[in-house]
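To keep things clear, I will list the structure first and then write my remarks on it.
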Amino acid sequence: MRFITYNTKNFRKIEYLRYLSEDVKNEIAIVSKVIPFKTNNYVVDYLIDWDNYQDDPIYILNFPNRHMLREEQYEMVRRGVEQKLAEKDLYKIINEIRMGLNPHPAQQITNIPKLNGENLKGLQHKYQDIVLFFPTQGQSCHAHCTFCFRWPQFTKELDLQFSMREIDKVIAYIREHEYIHEILFTGGDPMIMSPVTLNRYISEILDAELDNLEVIRFGTKALSYWPFTFLPAFNEEAEQMLSMFKRIVDRGIHLSIMAHFNHYVELDNEIVQEAISNIRLTGAQIRTQSPILKHINNSSEVWARMWNDQVNLGLVPYYMFVERETGPFEYFQITLQEAYQIYTDAIRSTGSLAKTLTGPVMSASNGKVQVMGIVENPLDGNKYFMMQYVRHRDYKQTYKPFFMQYDENATWVDQLNQMRVNR
Ligand SMILES: *Cc1c(COP(=O)(O)O)cnc(C)c1O
Ligand code: SF4
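Here the sequence shown is numbered in numbering that gives the first Met the number 0, starting from 0 and rising by one per residue.
So this is what it looks like as structure tokens:
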């Protein structure tokens, strides 16, 4: 199977686009000037139900639509395109809109560690036992999620890429900090790298024989956007990828694929199921995570079925995230109380093997905060969110329940007031 990319320039070639009106196609062309747009032949041919594309979760996940921008922003770009503004002037408009879309939520930039006084700009070290590694060649994806919080790195012009190739420095850093036990390859999508490139990184890590390194993780959406990565029958490189997984496992290092699935339709065909099975045969474990998003998966039935399907396929449900405030988040956003309700309704109706999941969780600047409950104080009749950090910069702050004043419209923890105890 050959990988065919569709983007702003060539998406009109997609055969199924006959289902779309000219107006809709023009809207895609306009909005995709602001929101990075990329999809591919697998997503288009296997995942999207074109008969019902307006409501199709995967269509919405990949194709920008005009409601993802505010009306006045959309109009600004539309007028610019209509008036055939010079590239440079149109870009000025686009860039201004992008800068208003909060390109760096939760101060990701501040977690960059130093080695011998030098910033390691492709590494993030926020929680003591784990580092995130952003390999330069893994900073794009097989397709782009319209909600993605990493979107600035797909817009070259913004030049906000944080990545590196010098694995020797990463190794030295891990060696120097013996309390680091895990490295998470992330992006973009590290599985977009050829196995040869990825293997260079992995071989150096394995050859370094780091005593403290116990776990390697890959954060990836390849299982839903390009499962052929793991299918030797379709693709020669897949064999190399799978044998690299096996090599990691054989070295006694736990390999965890952190797979990103937003909807059960991504699990519902033989291609992805065979890819899952091939990965599991290497001894790697697959854990799953996804944000909860309006228009895509804001229903407890979708989550319950997705988790059950995952368990049946041998995957381990791991995190349900609350959507971050970046990019077109207003389009996808749901309130904390809705997220909590959907989570509870969903997890109640799954078998116990799906209850390995933590949710709903916000990845905030101090750590990952979980909404544990909505409770009413019998003494004053007021409602509160009960929360806890499941991850905190300071691990001693984790797993301590605390209360925040309930706000039915709140969508993020920093909109809430901490409960005051009056004595
Ligand atoms: C989520 C995250 C991790 C991994 O956290 P786990 O709870 O171990 O899955 C590591 N570093 C950063 C910066 C993160 O946001
Ligand atoms: S696969 Fe992940 S990094 Fe890539 S666009 Fe989607 S959410 Fe963003």
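The beta carbon of each residue, even a glycine, is placed where N, CA and C say it ideally should be.
Count the other CB atoms within 10 Å of the CB of D22; is the residue buried (16 or more) or exposed (fewer)? As a working note, residue 22 is residue 23 in the sequence shown. So D22 counts as exposed.
Run the proximity test for S390: is its beta-carbon closer than 6 Å to any non-hydrogen atom belonging to ligand 1? Position 391 of the sequence shown, counted from the first residue, corresponds to residue 390. Ser is not the amino acid found at residue 390; the sequence shown has Arg there. The answer is yes for R390.
What three-state label does DSSP hand P134 in the structure shown? Sequence index remark: in the sequence shown, residue 134 carries index 135 (1-based). Strand at P134.
So is Y178 buried or exposed if we call it buried at 16+ other beta carbons inside 10 Å? As a working note, residue 178 is residue 179 in the sequence shown. Per the 10 Å Cβ criterion, exposed.
Within 10 angstroms of the Cβ of I295, are there 16 or more other Cβ atoms? Answer buried if so, exposed if not. For this step, residue 295 is matched to residue 296 along the sequence shown. Buried, since its Cβ has 16 or more Cβ neighbours within 10 Å.
Are the Cβ atoms of M190 and A221 separated by less than 7 Å? What you label residue 190 is simply residue 191 of the sequence shown in a count that begins at 1. What you label residue 221 is simply residue 222 of the sequence shown in a count that begins at 1. Yes.
Just verifying my parser: in three-state terms, what is the DSSP assignment at L157? Counted from its first residue, the sequence shown places residue 157 at position 158. Confidence at L157 is low in this model, with a pLDDT of 44, below 50, so the placement of that residue should be treated as unreliable; the coordinate-derived value is given next. Helix at L157.
Using only the alpha-carbon positions, how far apart do E86 and F146 sit? Taking the first residue of the sequence shown as position 1, residue 86 is located at position 87. Taking the first residue of the sequence shown as position 1, residue 146 is located at position 147. C-alpha separation (whole angstroms): 26 Å.
Return the residue from the list D379, N277, V214 and T7 that minimises the CA-CA distance to V248. On the sequence shown, position 249 is the one that residue 248 refers to. Checking every option, the nearest Cα to that of V248 belongs to V214.
Pick out whichever of R392, W225, T219 and Q336 has its Cα sitting closest to the Cα of S289. Residue mapping note: residue 289 aligns to position 290 of the sequence shown, counting from 1. Ranking R392, W225, T219 and Q336 by Cα distance to S289 puts T219 first.
Check the DSSP bridge columns for T357 and list the partner residues they point to. On the sequence shown, residue 357 is found 358 positions in, with the first residue counted as 1. In the DSSP output, where bridge partners are listed per residue, T357 has Y318.
One question on the structure: do M371 and Q387 come within less than 7 Å of each other, judged by their Cβ atoms? For the purposes of this step, residue 371 is taken as the residue at position 372 of the sequence shown. For the purposes of this step, residue 387 is taken as the residue at position 388 of the sequence shown. Cβ atoms of M371 and Q387: closer than 7 Å.
Name the DSSP bridge partner or partners of Q284? For the purposes of this step, residue 284 is taken as the residue at position 285 of the sequence shown. S255.
Alpha carbon of S351 to alpha carbon of H259, nearest angstrom: In the sequence shown, counting from the first residue as 1, residue 351 sits at position 352. In the sequence shown, counting from the first residue as 1, residue 259 sits at position 260. Approximately 21 Å between the Cα atoms of the pair.
Spell out the partners DSSP gives S223 in its beta bridges. Here the question's residue 223 lines up with position 224 in the sequence shown. Beta-bridge pairing links S223 to no other residue.
Give me, in chain order, the residues of the same chain whose beta-carbon lies closer than 7 Å to that of L60; leave out the 5 immediate sequence neighbours on both sides. For the purposes of this step, residue 60 is taken as the residue at position 61 of the sequence shown. Only C144, T145, N261 and I295 meet the Cβ criterion.
Which runs of the beta strand (DSSP E) spanning at least 3 residues fall entirely within the segment 133 to 214, listed in chain order? 181 to 184
Would you check whether ligand 1 has a heavy atom nearer than 6 Å to the C-beta of S162? Sequence index remark: in the sequence shown, residue 162 carries index 163 (1-based). S162 Cβ: outside cutoff for every heavy atom of ligand 1.
For ligand 2, which residues have a Cβ under 5 Å from at least one heavy atom, in chain order? C140, H143, C144, C147, R149 and K220
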